[in-house]
Every structure is written in structure tokens, then in C-alpha cells.
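Protein chains in written order, with my numbering: chain E, 1 to 308; chain D, 309 to 673.
Idealized CB from N, CA, C, for every residue including glycine.
Everything below concerns the one structure shown next.
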């Protein structure tokens, strides 16, 4: 009898422990994602005023002692009315998409090469991929300014070679933004791709070769389709931060490089229009989250179908 | 048979080094057309390397390989009329059973209708009709093995190489699959080369076996020949159970060697034309060729030794006894349990062991 009681006690304790472990990530998300999100969302529903903080309060105490809630969707409407925002969102998507594509095209061969190299070399190469992280991101983007500017390294070198007789205009263009993004986000592409490619069973390629596939056919038929999860992971890791990127377009881009991160910064710090800035942030989040949720749902569906 | 059929696969002086390690050391071998040939060896004996050289997945350091009279030595795997079934099958995980089997034909550029027809016929051959849309991770071990077999057979190769084809299957399934594999071999008439570490598998399946040790072949022959006439202690010990008993040469004259074998009660005569320089020899005797009785053998002519049962194992169909002879040697005996009665010989029983002189083999090192 007492043995049974002890057992139940133990299982309750075990259950509590299990809930606690599962709760940790939820608490984390609640504190550091959901709570800030709710605050930003609340601000996006306010009007800007000249005050401290610079927006109308959510709760209002009326003269008769009651409470009222003040919300407005003007900020969101404003985003749709002024075509600047639409164009900027679109341009951000375009810039991030092209940057992601180039990162993939450059990152895939690098990841493949590392995954195929012998073990000791592999570790050194991985270290080399990660080493730039040890230097401040801002510093690295600044140094690109030095490389790209009119009398910078690239122009100096090309002039010296005699390939060009006038310096190229590189800095403060979209090209500079692409270079900066591809450079900065390359490790985020290489690492998940490497983790995927290194797991590939070489015997699958041998089997393909045995069955009549040339080397490149084996790559197309076996390596590439099996690396799709790595490609998706890498692309998301690059695309998502790239779309909201502020520092790179601000430092390397021209005045006409429209990116939503810059608009957000300007609304927030220059116009001091917190509600509109918040609305911009919310729309950006929806723009990113909705396709990803849809995509993951579809993928989960496919896996469960395959398992059935 | 023409010489091409007699020497369908010709391996001439093949060696393969991996750095300092010599995996295959100057090996020669001829395999007949349509033969079911096994290469049997412990892990690290070089058998898989040799198979991979045949498939073109390894380039030999030396020597050449001819198949049906054509030099294959430097031909790429995708150009060889050879297919391999990998040990863990190496099925393409992202392709359906149909696409896995059809892969070789697609690479040949065959039209869709012919592919459909051939794959269906192959699915019927390996008894997997109705499985074409499954993915490899939805198959059992036995089913995966059949898909792998179908995939490697679909191009109708001149030679099929099988790397440990049964190693991943459980024992019951292994036995039935062995017979199915033999049926398929008979039906298609393709030359099979099997690499295995499982001597039972090699014995059941093969027309001929090559036993490999440290990159060499130590003996090549039919299962029966190798089992009953092993050339060396290693081969005798590797294939099945055997008693290896020390003996000293006491006399050697033309055609006859007399040895003194303490374990078997003294002098034994062997007809042997080859003279031996060594003084120490080994007398080998298979456990199933020893008779064990509780009473003295009736035939006085027959040699016998007395001993005590030290240990015994009951396996249902047979029992295995370890008997300590009066001279202090251990001899293993296996006895068919022909009668449905209780075990009559047990621990500590005094027993008499006897044998036919023909069963004894005299082996050098």
C-alpha cells in the first residue's frame, strides 16, 4: 500500500519535472518574444503625440473615474496609402532574395568542399568560416567601405592593372549592399549546408555511379535533392535577417537604396513617429512569419503523408 | 566451354594498397560464366576491397581485370557491365521503390514504357508487387534487400557483385533468402560474386568458394572440397568446427608419413606423396566424424581413445560434447540426436571415442 503511494508521488514529481523542462522554452519565448511583440503592437495602435513617451496611451482615465481604451488603425492604413512603404517592402524582399541567391551559389560549393575534405582539414576550414565572427560586424562593414570607395582597394587595383581608366562607382550602390550582405551572411549559409552535406552517405553516390550515373548526374540525382533541408535552413537564416537589415544598406547603400530597416530607423529616430515605426515592424513580421508558417505546415504534411 | 566462359572474370595480379596497408596482395583468380562464387574471409581480409575493385569503385594499385575478355581495369564504374548490391543496400532514401529500381534504366535513357515493363517484371521476380510507391524508410529489412537486389539486377549486368547480402537480416529470413537468391541466380544465369564473412552462407550458396586471409587467397574450391580437404590449419579452422591435434613426425618414406599423435592414442599412418620438412604437424578431425559411445567399440580393428565428458551442449538436432581424453587433450564431438529419447551421455560420463582413419587429415602450418 505504502509502496503504491510512493510510486504515485514519484510519478507526480516526474511529471512536474517534465512540465518544467518543457516550460523553459515557452517561458523564454513569452518573455523575449511575445511580451515585446504585444508592446510594439500596442504602440502601433496609438497616435503619435509630442510627449514622453511619444504616443497616446492605451488606457485612458476619463474624468468620471472610468477607463476607456484608445486604439486606431490609422498607422496601418497610412502604410497602405503611401506607396513609399509598399515599394520599400518590395525592394527589401528583392534585395534580400537576390542576396540569398548569391549566398547560396557561393556557399554551396564551399560547404560541399568542406564536407568532402579529410577530417583534420575540415576542422580548420570550418574555423576559417567562423573566424570573421570574432571581429565586430560593424567594423567589418566599415572596412568594406574602405575597399569599395572611389579611391579604395578595388578601384586602386583595377586602375593599376589598367582594366579601367576611371574609378568605378561601387560604394553607395545596390551592388555594394549585395556584396556586404553576401559577405556578412555567408557563414549562416555555409554552416547548415555543411551540417547536411557531411551526413551524406558516400555509398549512395557509389550506387548511382554503379548504376550508370556520371559524377555530375550523381550530384543532381542524389546530393542535391538530399541537401534540400540544408538549403532551406541556410536560405531562411540568410533571408530573414537580410530583409530587415539596417546597418549594411545604411553604410554601403546609396540614398536610393530603399530598405525597410532604414525606413523603420528613420521613422523611429528622425520622425519620432513610434506608432508608424511599430506598424512597419508588425507588417514586416507578418510578411516573414506567414510564408514560413505556411511552408512548415506543408512540409509537416508531406512528412506525415510519407510516413502513412 | 570457350576460354571466355571458363575465364569469364579474370583477375590478374591485383594489388591494392591504402598508404602503408596492403589490403589485396597480388591476387589471381578466374571465375566461370554463370558461376555463383563466394569470397569468404574475416573482416580486414581484403575481400570487400577486391569486390570494390571489380565494381570499379577502387582503382587497383597493380594488376588487371578482364570481364568477358574486355579489360576493365581503368573503366569507370558507370561504364562496366557490372552491378553491385551494397552491404546496407544504399537505397536512395528520397526515391520510391519504383524510382530506385528504375534508376539504372533511366540513366541508360530507356523510354518510359520499357522502363515500366522491366521494373514490373523485376518487382515480380523479387516478390514486391504493389510496393512501387513506398519509400525506403517504409520497408522492412528483407524488403529493402529485395529492392536493392532488383535495382542491381535491372540492367542485366554480366556480373552481379553482392557485398554481405544477408548480413542485415535475421537468421530465419536469411535462410529463406539464401534459397531465393539461388533461384534468381539459376533463373537469370548471371555470374554472381558474393563477399561474406559467414561461412554457412558461403557453403549454402556457392558453386565455389575462395577463402581470403590478409589479402591472399588461401584456398579456392567447391564447398565440399574445402570442407573435407582443407589445405591448411587456417582454412580447416575457418570453415566449420574442427579438432586440431598436435602430432610429431616419426617416420617418412616414399608415399607414407607416420606421426605420433598423443591425443588420438599414438601412431597414425598417412599416405602422402609430399615430403614434409617440418617435425610438427597437425592432425585434423571434424567433430561430426567422431563416434561417441559409453561402451567399448565392438570393432577391435578401429582405433579408439577413452575419455570423460567435460562439457556438453544440447542443440536439439545435435549435441556437442567436449571430451577430455586420458592423455589430457580435449576433443570435440558432435552427435546427431537421431532418436527421440533423453540424452544418454552426460557430464562426467566415461566414454569411448572412435573414428574412421579416412576422416583424419594431416595438415602443415
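Collapsed DSSP secondary structure at residue i in the structure displayed
{"i": "residue 540 (chain D)", "result": "coil"}
{"i": "residue 67 (chain E)", "result": "strand"}
{"i": "residue 163 (chain E)", "result": "coil"}
{"i": "residue 118 (chain E)", "result": "coil"}
{"i": "residue 216 (chain E)", "result": "helix"}
{"i": "residue 379 (chain D)", "result": "strand"}
{"i": "residue 663 (chain D)", "result": "strand"}
{"i": "residue 586 (chain D)", "result": "coil"}
{"i": "residue 524 (chain D)", "result": "strand"}
{"i": "residue 370 (chain D)", "result": "strand"}
{"i": "residue 629 (chain D)", "result": "strand"}
{"i": "residue 126 (chain E)", "result": "helix"}
{"i": "residue 312 (chain D)", "result": "helix"}
{"i": "residue 465 (chain D)", "result": "coil"}
{"i": "residue 408 (chain D)", "result": "helix"}
{"i": "residue 299 (chain E)", "result": "helix"}
Beta-carbon gap between residue i and residue j smaller than 7 Å
{"i": "residue 389 (chain D)", "j": "residue 465 (chain D)", "result": "yes"}
{"i": "residue 278 (chain E)", "j": "residue 43 (chain E)", "result": "yes"}
{"i": "residue 667 (chain D)", "j": "residue 599 (chain D)", "result": "no"}
{"i": "residue 234 (chain E)", "j": "residue 181 (chain E)", "result": "no"}
{"i": "residue 514 (chain D)", "j": "residue 346 (chain D)", "result": "yes"}
{"i": "residue 323 (chain D)", "j": "residue 336 (chain D)", "result": "no"}
{"i": "residue 504 (chain D)", "j": "residue 348 (chain D)", "result": "yes"}
{"i": "residue 197 (chain E)", "j": "residue 70 (chain E)", "result": "no"}
{"i": "residue 530 (chain D)", "j": "residue 596 (chain D)", "result": "no"}
{"i": "residue 409 (chain D)", "j": "residue 459 (chain D)", "result": "yes"}
{"i": "residue 632 (chain D)", "j": "residue 618 (chain D)", "result": "yes"}
{"i": "residue 579 (chain D)", "j": "residue 563 (chain D)", "result": "yes"}
{"i": "residue 253 (chain E)", "j": "residue 141 (chain E)", "result": "no"}
Between the CA atoms of residue j and residue i - distance to the nearest angstrom
{"i": "residue 317 (chain D)", "j": "residue 432 (chain D)", "result": "29 Å"}
{"i": "residue 438 (chain D)", "j": "residue 398 (chain D)", "result": "21 Å"}
{"i": "residue 74 (chain E)", "j": "residue 276 (chain E)", "result": "9 Å"}
{"i": "residue 243 (chain E)", "j": "residue 261 (chain E)", "result": "8 Å"}
{"i": "residue 107 (chain E)", "j": "residue 186 (chain E)", "result": "6 Å"}
{"i": "residue 105 (chain E)", "j": "residue 214 (chain E)", "result": "22 Å"}
{"i": "residue 130 (chain E)", "j": "residue 97 (chain E)", "result": "23 Å"}
{"i": "residue 211 (chain E)", "j": "residue 412 (chain D)", "result": "5 Å"}
{"i": "residue 216 (chain E)", "j": "residue 222 (chain E)", "result": "10 Å"}
{"i": "residue 445 (chain D)", "j": "residue 53 (chain E)", "result": "58 Å"}
{"i": "residue 95 (chain E)", "j": "residue 250 (chain E)", "result": "14 Å"}
{"i": "residue 77 (chain E)", "j": "residue 86 (chain E)", "result": "12 Å"}
{"i": "residue 57 (chain E)", "j": "residue 47 (chain E)", "result": "9 Å"}
Own chain partners of residue i with C-beta closer than 6 Å, once the 5 adjacent residues on each side are dropped
{"i": "residue 500 (chain D)", "result": "344, 468, 493"}
{"i": "residue 509 (chain D)", "result": "474"}
{"i": "residue 296 (chain E)", "result": "none"}
{"i": "residue 258 (chain E)", "result": "88, 91"}
{"i": "residue 482 (chain D)", "result": "474"}
Same chain, Cβ closer than 8 Å to residue i, neighbours up to 5 away in sequence not counted
{"i": "residue 625 (chain D)", "result": "644, 645"}
Reference residue i, options the options, closest by Cα
{"i": "residue 329 (chain D)", "options": "D:369, D:409, D:442, D:360", "result": "D:369"}
{"i": "residue 470 (chain D)", "options": "D:381, D:560, D:391", "result": "D:391"}
{"i": "residue 569 (chain D)", "options": "D:563, D:561, D:592, D:583", "result": "D:592"}
{"i": "residue 441 (chain D)", "options": "D:449, D:423, D:407", "result": "D:407"}
{"i": "residue 659 (chain D)", "options": "D:603, D:321, D:314, D:607", "result": "D:603"}
{"i": "residue 358 (chain D)", "options": "D:485, D:340, D:636, D:319", "result": "D:319"}
{"i": "residue 51 (chain E)", "options": "E:24, E:273, E:143", "result": "E:273"}
{"i": "residue 448 (chain D)", "options": "D:429, D:561, D:476, D:428", "result": "D:476"}
{"i": "residue 553 (chain D)", "options": "D:607, D:671, D:629", "result": "D:671"}
{"i": "residue 616 (chain D)", "options": "D:605, D:628, D:654, D:669", "result": "D:654"}
{"i": "residue 575 (chain D)", "options": "D:546, D:583, D:613", "result": "D:613"}
{"i": "residue 326 (chain D)", "options": "D:351, D:340, D:342, D:367", "result": "D:367"}
{"i": "residue 640 (chain D)", "options": "D:630, D:634, D:365", "result": "D:630"}
{"i": "residue 205 (chain E)", "options": "D:365, D:321, D:312, D:607", "result": "D:365"}
{"i": "residue 383 (chain D)", "options": "D:376, D:363, D:485", "result": "D:363"}
{"i": "residue 218 (chain E)", "options": "D:622, D:548, D:400, D:435", "result": "D:400"}
Residue i beta carbon near the ligand SAH (any heavy atom closer than 6 Å)
{"i": "residue 642 (chain D)", "result": "Ligands displayed in this structure: none; no statement on the ligand SAH is therefore possible."}
Residues of its chain near residue i, where Cβ-Cβ distance is below 7 Å and the 5 sequence neighbours each way are ignored
{"i": "residue 1 (chain E)", "result": "Low confidence applies to residue 1 (chain E): its pLDDT is 46, below 50, so where it sits in the model is not reliable enough to give any reading."}
{"i": "residue 267 (chain E)", "result": "273, 276, 277, 280"}
{"i": "residue 100 (chain E)", "result": "235, 238, 239, 242"}
{"i": "residue 556 (chain D)", "result": "567, 568, 587, 588"}
{"i": "residue 289 (chain E)", "result": "none"}
Proximal chain B residues relative to residue i, where beta-carbon distance stays under 8 Å
{"i": "residue 386 (chain D)", "result": "The structure shown contains no chain B; the protein chains it does contain are E and D."}
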